[in-house]
Every structure is written in C-alpha cells, then in structure tokens.
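What follows is a short report on a single structure.
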C-alpha cells in the first residue's frame, strides 16, 4: 500500500507489516492501523516511528525503554492478552512514546525528550496486534550506580 505522509513523504508499506490496535491509542481511539517504521540512515538504531496509516500526518517517535536505560515490567490482564493474541509474554515487545520538550527560558536543562511510561505500547509481533496499557500507578525501584 502506498501512503502519502506530510511528515515522512511517500511510503510503500506491505499490508502484512501493519499493526492493529483494536482500541486505538489514547486520544486517537478511532485510529487502529499503524505502521512501525525505522530509518536506518538516520543513525538512531533504537528509535522507531509509529505512523497512523489512516491519518498519515500523525507520527509518534517510539523506543524500547531499555534503549534509554530504563527497565520496568508490567502486567496484562487476561482480556488484554487475549485482545492482542498473546499466549507467551516473551512474544511481546514494549515501546514508550517519546515527545520533544522545549526549554523553558529560565531552565534550559528542561529541553530534551520525555518518555511516556504511564501508557506504554505492548505489541505482539506474531499477530501484528497491539494495545496501549494506560496505568494509573507505577511502582518503581531505583538503583543508583557510580559511573
């Protein structure tokens, strides 16, 4: 399928490479088909783009939490696992949506990328189905290491 994206240009994406989010994403519940893309030439091996196929002007930057040195676990309900056809947790990958933040003029250190750990994406690549796990609470454990 050929997709014209105002952000990424003309793309050719095979139908069998699409990922379906049966419930859409938070704020975009009506968009269910996405393509997970990676630009090899960009020099950002851990960064992927998630393109809304039916609204190609919508593109999210996503990465695995481990790529930004964050390790965390989450649990899916039986219903969530069934929705994406996940029988074995090792068949899932977890991604977080990234967003760029502009620097506050009084606090230049505030510029950078922010990752949304409260609503990660869980993908079953075998079934090409995914969901966004919106969490109201995250238990965290912090490990400090000297460098």
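Numbering (the numbering used here), first residue to last: 1 to 147. Glycine included, every Cβ here is placed at the ideal spot set by N, Cα and C.
(Q) Applying the 10 Å Cβ sphere with the 16-neighbour rule, what's the burial state of residue 124? (A) Residue environment: residue 124 is assigned as buried (16 or more neighbouring CB atoms within 10 Å of its CB, all protein chains considered).
Q: Give me the Cα-Cα distance between residue 14 and residue 112, rounded to the nearest whole angstrom.
A: C-alpha of residue 14 to C-alpha of residue 112: approximately 33 Å in a straight line.
Q.
What would DSSP say about residue 120, mapped onto helix, strand or coil?
A. Three-state result, residue 120: strand.
Q. Can the beta-carbon of residue 51 be found less than 8 Å from the beta-carbon of residue 61?
A. Result no, Cβ atoms of residue 51 and residue 61 do not sit closer than 8 Å.
Q: Mark residue 63 as exposed unless 16 or more other C-beta atoms lie within 10 angstroms of its C-beta, in which case mark it buried.
A: Burial is judged here by how many other beta carbons sit within 10 angstroms of a residue's own beta carbon; residue 63 has at least 16 and is buried.
Q) Going along the chain, which unbroken runs of the alpha helix (DSSP H) with 4 or more residues stay wholly within the stretch 42-97? A) List check, alpha helix (DSSP H) in window: 78-83.
(Q) Quick check on residue 17: does DSSP put it in helix, strand or coil? (A) In the three-state scheme derived from DSSP, where H, G and I count as helix and E and B as strand, residue 17 is classed as helix.
Q: Please name the residue or residues paired with residue 2 in a DSSP beta bridge.
A: Note: residue 2 sits in a beta bridge opposite 12.
Q. Under a three-way DSSP split, which group does residue 114 fall into?
A. In the displayed model, residue 114 falls within a strand according to three-state DSSP.
Q | Spatial distance of residue 126 from residue 96 (CA atoms) | A | Straight-line Cα distance between these residues: approximately 19 Å.
Q. Taking the continuous beta strand (DSSP E) assigned at residue 35, which residues delimit it?
A. In the DSSP annotation of this structure, the continuous segment of the beta strand (DSSP E) that includes residue 35 starts and ends at 33-37.
Q) So, using beta-carbon positions, are residue 105 and residue 74 closer together than 8 Å? A) In this structure, residue 74 does not lie closer than 8 Å to residue 105 by Cβ.
Q.
I'd like to know whether the C-beta atoms of residue 53 and residue 3 end up nearer to each other than 8 Å.
A. The criterion of a C-beta distance shorter than 8 Å is satisfied by residue 53 and residue 3.
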